[in-house]
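K.L.:
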Amino acid sequence: MPNTFHRVGNGSHPVLVLHGWFGDAGSFEHAEPWLDRQTFSYIFMDYRGYGGMRSVGGQYTIDEIAVDALALADALGLHTFSLIGHSMGGVAMERIAVLAPERVRAMVAVAPVPCGGISYDPATRHLLEEAAVHLENRKAIINRSTGGRLPASWIDWKSEYSARHSSPEAFAAYLRAWADTDFSDEISGRHPVKVIVGEHDPTFNAGLMERTYLRRYPESSIEVMANAGHYPMNEAPLALVRSVESFLAESVKGLESHP
Numbered sequence: 013m014p015n016t017f018h019r020v021g022n023g024s025h026p027v028l029v030l031h032g033w034f035g036d037a038g039s040f041e042h043a044e045p046w047l048d049r050q051t052f053s054y055i056f057m058d059y060r061g062y063g064g065m066r067s068v069g070g071q072y073t074i075d076e077i078a079v080d081a082l083a084l085a086d087a088l089g090l091h092t093f094s095l096i097g098h099s100m101g102g103v104a105m106e107r108i109a110v111l112a113p114e115r116v117r118a119m120v121a122v123a124p125v126p127c128g129g130i131s132y133d134p135a136t137r138h139l140l141e142e143a144a145v146h147l148e149n150r151k152a153i154i155n156r157s158t159g160g161r162l163p164a165s166w167i168d169w170k171s172e173y174s175a176r177h178s179s180p181e182a183f184a185a186y187l188r189a190w191a192d193t194d195f196s197d198e199i200s201g202r203h204p205v206k207v208i209v210g211e212h213d214p215t216f217n218a219g220l221m222e223r224t225y226l227r228r229y230p231e232s233s234i235e236v237m238a239n240a241g242h243y244p245m246n247e248a249p250l251a252l253v254r255s256v257e258s259f260l261a262e263s264v265k266g267l268e269s270h271p
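The sequence shown begins at 13 in this note's numbering and counts up by one.
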């Protein structure tokens, strides 16, 4: 059964969009009005346990997300496509590229969790683990990941949104999936990649991406986005759309000139 999704645009360049731990298929809502609908066809999908799939059980693993995304692409008749992965979706994006490298045209990693796992100190790990059942933990995580600079009302909205749009079981399991999954030895590095990080993101920053993405993908680059933390689609939607679409357009031109 294909995962629930919604489409924005009917262009000839399909793009699968993979959301983060605190999101669902609606995570990019603030950026959607400004997307180029003539050039691109964006497919925003839910994972099992999230959004329209909130009541659907599963193993809640990175492999499961990747296999489900490929099944959705098959159901929609998309043989090749580009990928956008935000946060946890970055790991899933990399896994899709490992499982079906010939189908992936280009990848955009937005404040991504890199493949290889993230090692947290015990106190931080406990804070993350308890976020499945404690809303205050979600608020603290979101506030820290955006540099402690955004209105409290937005922090409240973001944390409450995540609680409504994900099941506690799935939310808890996906922490282990994104923080502890390592398949870095399987990455071929053949795809063009743009990594976008927010200047106020204390963890998923340029330093981390230089040690991971830039070493694994020869055709990769990093942009540090001003006035953004871990959620550029909320904090700087216009700048994010411009950055994403200019890269995707150029990467496809490069592929077409080098068949």
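Don't be surprised by glycine CBs; every beta carbon is placed ideally from N, CA and C.
1) For Ala-78, is the classification buried or exposed, using 16 other Cβ atoms within 10 angstroms of its Cβ as the cut-off for buried?
2) So, Ile-74 versus Thr-193, is the Cβ gap smaller than 9 Å?
3) With distance defined between alpha-carbon atoms, name the residue in Asn-246, Gly-102, Ala-43 nearest to Gly-32.
4) Quick check: the Cα distance between Ser-258 and Pro-180, rounded to an integer number of angstroms?
5) Quick one, which of Tyr-72, Phe-40, His-18 has its alpha-carbon nearest Ala-189's?
6) Classify Asn-22: buried if its beta carbon has 16 or more other beta carbons within 10 angstroms, exposed otherwise.
7) Hey, would you say the C-beta of Glu-262 is under 8 Å away from at least one heavy atom of the ligand NAD?
8) With a 10 Å radius around its C-beta and 16 neighbouring C-beta atoms as the bar for buried, classify Asn-239 as buried or exposed.
9) Looking at the structure shown, is His-91 part of a helix, part of a strand, or coil, going by DSSP?
10) What three-state label does DSSP hand Leu-162 in the structure shown?
P.N.:
Answer, in terms of the structure:
1) Here the question's residue 78 lines up with position 66 in the sequence shown. Looking at its Cβ environment, which holds 16 or more other Cβ atoms inside 10 Å, Ala-78 is buried.
2) Locating residue 74 in the sequence shown gives position 62, counting from the first residue. Locating residue 193 in the sequence shown gives position 181, counting from the first residue. Closer than 9 Å, so yes.
3) Position 20 of the sequence shown, counted from the first residue, corresponds to residue 32. Checked all of Asn-246, Gly-102, Ala-43; the closest Cα to Gly-32 is Gly-102.
4) For the purposes of this step, residue 258 is taken as the residue at position 246 of the sequence shown. For the purposes of this step, residue 180 is taken as the residue at position 168 of the sequence shown. Rounded to the nearest angstrom, the two C-alpha atoms are 37 Å apart.
5) One-based indexing of the sequence shown puts residue 189 at position 177. The shortest Cα separation from Ala-189 among Tyr-72, Phe-40, His-18 belongs to Tyr-72.
6) As a first step, residue 22 must be located in the sequence shown, where it is residue number 10. Exposed, since its Cβ has fewer than 16 Cβ neighbours within 10 Å.
7) For the structure depicted, the ligand NAD is absent and the ligand set is empty, with no information on it obtainable.
8) Translated into positions along the sequence shown, residue 239 becomes position 227. Classification of Asn-239: exposed, given that the 10 Å Cβ count is below 16.
9) Locating residue 91 in the sequence shown gives position 79, where the first residue counts as 1. DSSP places His-91 in coil when its eight states are reduced to three.
10) Here the question's residue 162 lines up with position 150 in the sequence shown. Residue state, collapsed to three classes: coil.
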